[in-house]
Amino acid sequence: MATTSYQFPIRRFGVWSFILIQICVILLAISNESLWIDEFVTAYYASLHSLDRAYELLFISKGSQTPLHYLYYYFWGQLFEPNEFNLRLANLPLFVLGQLSLFLALRAYPRNFGFFFLILSAFHPMVWQYANEARPYIMMYAGSQMILAYILHIHSIKSAGENTNILFSGIFVAGCILLFGSSMLGGFWVLTALAYVAYFHYRYLNWRYLKSGANLMLVCILLIITLLLGIYYLKSVLEGGGASRVSSTTFSTLLFDFYELLGLSGLGPGRTELRGTGAASLGNYWILLLLAGAVFSAILIRGLKSAVQLMDKREFVYVAIVTLLPVVIIVISGFAMHWRVLGRHLISVLPVLNMVYALGIVGFLNKDYSQRRKFLVLIIFIFLLLIAYSAVSMRFSDKHKKDDYRAAANIALLDISQGKHVWWAAYGLGAQHYGVPIKYDIDSEFKNIVIRKQCIDESPVKFISDAPRECLESLTQPDTIILSKLETFDPKGEIVTYLNTNKYVKVQAFSAFTIWRRVK
543 MATTSYQFPI
553 RRFGVWSFIL
563 IQICVILLAI
573 SNESLWIDEF
583 VTAYYASLHS
593 LDRAYELLFI
603 SKGSQTPLHY
613 LYYYFWGQLF
623 EPNEFNLRLA
633 NLPLFVLGQL
643 SLFLALRAYP
653 RNFGFFFLIL
663 SAFHPMVWQY
673 ANEARPYIMM
683 YAGSQMILAY
693 ILHIHSIKSA
703 GENTNILFSG
713 IFVAGCILLF
723 GSSMLGGFWV
733 LTALAYVAYF
743 HYRYLNWRYL
753 KSGANLMLVC
763 ILLIITLLLG
773 IYYLKSVLEG
783 GGASRVSSTT
793 FSTLLFDFYE
803 LLGLSGLGPG
813 RTELRGTGAA
823 SLGNYWILLL
833 LAGAVFSAIL
843 IRGLKSAVQL
853 MDKREFVYVA
863 IVTLLPVVII
873 VISGFAMHWR
883 VLGRHLISVL
893 PVLNMVYALG
903 IVGFLNKDYS
913 QRRKFLVLII
923 FIFLLLIAYS
933 AVSMRFSDKH
943 KKDDYRAAAN
953 IALLDISQGK
963 HVWWAAYGLG
973 AQHYGVPIKY
983 DIDSEFKNIV
993 IRKQCIDESP
1003 VKFISDAPRE
1013 CLESLTQPDT
1023 IILSKLETFD
1033 PKGEIVTYLN
1043 TNKYVKVQAF
1053 SAFTIWRRVK
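Sequential numbering from 543 applies to the sequence shown in my numbering.
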């Protein structure tokens, strides 16, 4: 693929127009629907009024696996009220930063390639899914985009004998810090990217410019911060920190990871249905998924062929190692340490995958023979249509709605106001966030301390998640039981047994919750 030497100035109108488009995309992707289980810790940090408290939580025993993410949200919460929309709006600056970095780097590449790459980077279903969540994955994605922008930049100047632009050096350093600071897993990609960049400078560029001026300062900042983060994560792991062990990695979960990364998730069942019935839930969608899988695979294979043609074999192997070695390490750790590797843990691969998709589209468009060209253009059209539909479905379809803690909390509060006694078998921090007067020790959760539940009546609401049968039987029967995901909050089936034994009736069901009332 031909490139041109990167030249300034950049047209301000073009840059601001691009930024405005990205803002519109992210505003369309986010909502004010209820926070769900995986967002409440972030909301807790954003609600803190003391930096000392945030520091205490980040540096207590076992620490955090996403320290920069939580620190970012603490400061975001000082600027904006931590409601549902504002918490997700925190993804906007990160998304724009990642997209803008690619936009600048892609000015040295053919316009059609850059256009499709940026479109896919903005409309991949995983991006829309995690843009609508107050979690670290858009920060990881943005960091990966910034690293890739730098790699694209150094590839564009290697034949011109130029030094890297200081702007892109800063983008690379910031991207590494964002990726590593937002997730311990991101460190694997940062290390492989650093190794590749060092090799590339040694082979193609005059690396001596890195030893002076602003470049030297950036190198020092990067090395110091990555070292400190490495020490922080090592301390966390040695003290028992790490991913949840609620479930583990299987070959089925790896297939689902591939399904998510390809961009198919919006075309199939929602996460609640998948949790409930597993692969059987795909049956109602198999025609659409087979069509999409065939089209996506065709684009992907053509993109890989284009990548091989654009680079010599050794260069292609090195880029593949940079991208896939961290994936292999993470998957092996998932099997060995019994934690579940999901698509979101591999989101750092997504910018490269989108680039390969863009190469595939351009490769099909560049075909010369006219008869087949019409068919290939149709394939591209179907691909883009399915990607867009999948993304929009993740945002607007009811089947992809997340756990509705706000509705569950409102039911609990209404019953409490009527003098009823409620049991809460869902995330305690979620209940607290929405004002349910429940006793829940958040410090014990952060410290991974398991506190034995006290089998005593508490009024007006009792937290009973994963309570043993003898404990449940010793308590006064409640009027209402609010129950969420069984595999998380009733893994042994004790609460379900209690419901059946005592003749409770399910009166309502919605987004990962069931409401049960006692028959009098």
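C-beta: ideal position from N, C-alpha, C; glycine also.
Checklist entry - So, is HIS880 buried or exposed, given that buried needs 16 or more other C-beta atoms within 10 angstroms? => result Looking up residue 880 in the sequence shown gives position 338. Label assigned to HIS880: exposed.
Checklist entry - Can you name the start and end residues of the alpha helix (DSSP H) that GLY587 belongs to? => result For this step, residue 587 is matched to residue 45 along the sequence shown. Per the sequence presented here, residue 587 reads as Tyr, with Gly not at that position. Looking at the DSSP string, the run of the alpha helix (DSSP H) that includes TYR587 is 582-589.
Next on the checklist: Am I right that VAL873 and LEU796 are in contact with their C-beta atoms under 8 Å? What's the rounded C-beta distance?
Outcome noted: In the sequence shown, counting from the first residue as 1, residue 873 sits at position 331. In the sequence shown, counting from the first residue as 1, residue 796 sits at position 254. Confirmed, about 7 Å.
Checklist entry - Would you say the region 851-871 touches the region 825-839, given that touching needs at least three Cβ pairs under 8 Å? => result no
Checklist entry - Just the Cα atoms here: how many angstroms apart are HIS942 and GLU575? => result As a first step, residue 942 must be located in the sequence shown, where it is residue number 400. As a first step, residue 575 must be located in the sequence shown, where it is residue number 33. When rounded, the distance between both Cα atoms is 12 Å.
Next on the checklist: With distance defined between alpha-carbon atoms, name the residue in TYR827, LEU842 and VAL864 nearest to LEU662.
Outcome noted: On the sequence shown, residue 662 is found 120 positions in, with the first residue counted as 1. Looking at the Cα atoms, LEU842 is the closest of the given residues.
Next on the checklist: Taking 6 Å as the limit between beta carbons, can you name the residues of its chain near TYR1040, skipping five residues before and five after?
Outcome noted: Residue 1040 sits at position 498 when you count from the first residue of the sequence shown. Taken in chain order, the residues that qualify are LEU1014.
Item to check | Nonlocal neighbours in the same chain, by C-beta distance under 7 Å from GLY656, ignoring five residues either side | outcome: The sequence position of residue 656 within the sequence shown is 114, counting from 1. Cβ within range, chain order: LEU648.
Checklist entry - Cβ atoms of ILE572 and LEU631: under 8 Å apart, would you say? => result Taking the first residue of the sequence shown as 1, we reach residue 631 at position 89. Taking the first residue of the sequence shown as 1, we reach residue 572 at position 30. The answer is yes: Cβ separation under 8 Å.
Checklist entry - Would GLY977 be called buried (16 or more neighbouring beta carbons within 10 Å of its own) or exposed? => result On the sequence shown, residue 977 is found 435 positions in, with the first residue counted as 1. With fewer than 16 other Cβ atoms within 10 Å, it is exposed.
Item to check | DSSP bridge partner residues for ARG1059 (one or two, in chain order) | outcome: For the purposes of this step, residue 1059 is identified with residue 517 of the sequence shown, where counting begins at 1. DSSP lists THR1022 and VAL1047 as partners of ARG1059.
Next on the checklist: Does chain C have any CB closer than 8 Å to the CB of GLU1029?
Outcome noted: The structure shown contains no chain C; it is built from a single protein chain.
Next on the checklist: Which runs of the alpha helix (DSSP H) at least 4 residues long sit entirely within the region 938-991? Give them in chain order.
Outcome noted: 947-959, 970-975 and 984-988
Checklist entry - Applying the criterion that 16 or more other CB atoms from any shown protein chain within 10 Å of the CB defines a buried residue, is TRP670 buried or exposed? => result The residue you call residue 670 lines up with position 128 of the sequence shown. The residue in question, TRP670, is buried, as its Cβ has 16 or more Cβ neighbours within 10 Å.
Next on the checklist: Is it the case that the region 851-858 contacts the region 765-784, given that we only count it when at least three CB pairs across the two stretches are under 8 Å?
Outcome noted: no
Next on the checklist: With H, G and I counted as helix, E and B as strand and the rest as coil, what does DSSP make of PHE622?
Outcome noted: For the purposes of this step, residue 622 is taken as the residue at position 80 of the sequence shown. Residue state, collapsed to three classes: coil.
Checklist entry - Is DSSP giving VAL1003 helix, strand or coil here? => result Counting from 1 along the sequence shown, the entry for residue 1003 is found at position 461. The answer is strand: DSSP assigns VAL1003 an E or B state.
Item to check | Bridge partner(s) assigned by DSSP for PHE1052 | outcome: Counting from 1 along the sequence shown, the entry for residue 1052 is found at position 510. Per DSSP, PHE1055.
Checklist entry - What number of angstroms, rounded off, separates the C-alpha of PHE622 from the C-alpha of TYR931? => result Numbered from its first residue, the sequence shown carries residue 622 at position 80. Numbered from its first residue, the sequence shown carries residue 931 at position 389. The straight-line gap from Cα to Cα measures roughly 32 Å.
Checklist entry - In whole angstroms, what separates the C-alpha of PRO1002 from that of VAL583? => result Within the sequence shown, numbered from 1, the residue matching residue 1002 stands at position 460. Within the sequence shown, numbered from 1, the residue matching residue 583 stands at position 41. Computed Cα separation, rounded: 24 Å.
Checklist entry - When DSSP labels each residue in this structure, what does THR706 get in the three-state scheme? => result Stepping through the sequence shown from its first residue, residue 706 is reached at position 164. In the structure shown, THR706 sits in coil (DSSP, three-state: anything other than H, G, I, E or B).
Checklist entry - So, do the region 703-719 and the region 739-755 have three or more beta carbon pairs nearer to each other than 8 Å? => result yes
Checklist entry - Between HIS887 and the rest of its own chain, which residues show a CB-CB distance below 7 Å, the 5 nearest in sequence each way excluded? => result Numbered from 1 along the sequence shown, position 345 holds the residue referred to as residue 887. Once the five neighbours on either side are set aside, the close Cβ partners of HIS887 are LEU727 and ILE872.
Next on the checklist: If contacts are defined as beta-carbon pairs under 8 Å, then SER688 and SER890 qualify, I think. What distance do you get, rounded to the angstrom?
Outcome noted: If you number the sequence shown from 1, residue 688 lands on position 146. If you number the sequence shown from 1, residue 890 lands on position 348. Note on residue identity: the sequence assigns Met, not Ser, to residue 688. That pair is no contact at about 11 Å.
Item to check | Touching by the beta-carbon criterion (3+ pairs, under 8 Å), the region 957-975 and the region 592-606 | outcome: no
Checklist entry - Shortest alpha-carbon distance to TYR982 belongs to which of PHE1005, LYS962, ILE998 and GLN960? => result Working through the sequence shown from its first residue, we reach residue 982 at position 440. Nearest option by C-alpha distance: PHE1005.
Next on the checklist: Quick check: the Cα distance between SER547 and ILE696, rounded to an integer number of angstroms?
Outcome noted: As a first step, residue 547 is located in the sequence shown; it is residue number 5 there, counting from the start. As a first step, residue 696 is located in the sequence shown; it is residue number 154 there, counting from the start. Bear in mind that the predicted position of SER547 carries a pLDDT of just 46, short of 50, making it too unreliable to give a figure here.
Next on the checklist: Looking only at its chain, what residues have a beta carbon closer than 6 Å to the beta carbon of TRP965, apart from the 5 residues adjacent to it on each side?
Outcome noted: Locating residue 965 in the sequence shown gives position 423, where the first residue counts as 1. Same-chain partners within the cutoff: LYS1004, ILE1006, PRO1020 and ILE1023.
Next on the checklist: Just to check my reading of the structure: SER848 and LEU901 have Cβ atoms closer than 8 Å, yes? What is that Cβ distance to the nearest angstrom?
Outcome noted: One-based indexing of the sequence shown puts residue 848 at position 306. One-based indexing of the sequence shown puts residue 901 at position 359. Correct: roughly 4 Å between the Cβ atoms.
Item to check | Length-filtered (4 minimum) alpha helix (DSSP H) runs lying within the region 616-694 | outcome: 626-631, 633-647, 653-665 and 667-673
Next on the checklist: With three or more beta-carbon pairs closer than 8 Å as the criterion, would you say the region 1036-1055 touches the region 936-950?
Outcome noted: yes
Item to check | First through last residue of the alpha helix (DSSP H) which encompasses ALA862 | outcome: The residue given as residue 862 occupies position 320 in the sequence shown. Segment 855-879, the alpha helix (DSSP H) holding ALA862.
Item to check | Identity of the residue in ALA834, LEU832 and PRO811 nearest LEU824 by Cα | outcome: Taking the first residue of the sequence shown as position 1, residue 824 is located at position 282. Closest option to LEU824, Cα to Cα, is PRO811.
Item to check | Neighbourhood of PRO1010 by C-beta distance below 7 Å, restricted to the same chain and skipping five residues each side | outcome: Counted from its first residue, the sequence shown places residue 1010 at position 468. Contacts found: GLU1036.
Next on the checklist: I need the DSSP call for ASP1008, collapsed to helix, strand or coil.
Outcome noted: Start at 1 with the first residue of the sequence shown, and residue 1008 comes out as number 466. If DSSP states are grouped into helix, strand and coil, ASP1008 belongs with coil.
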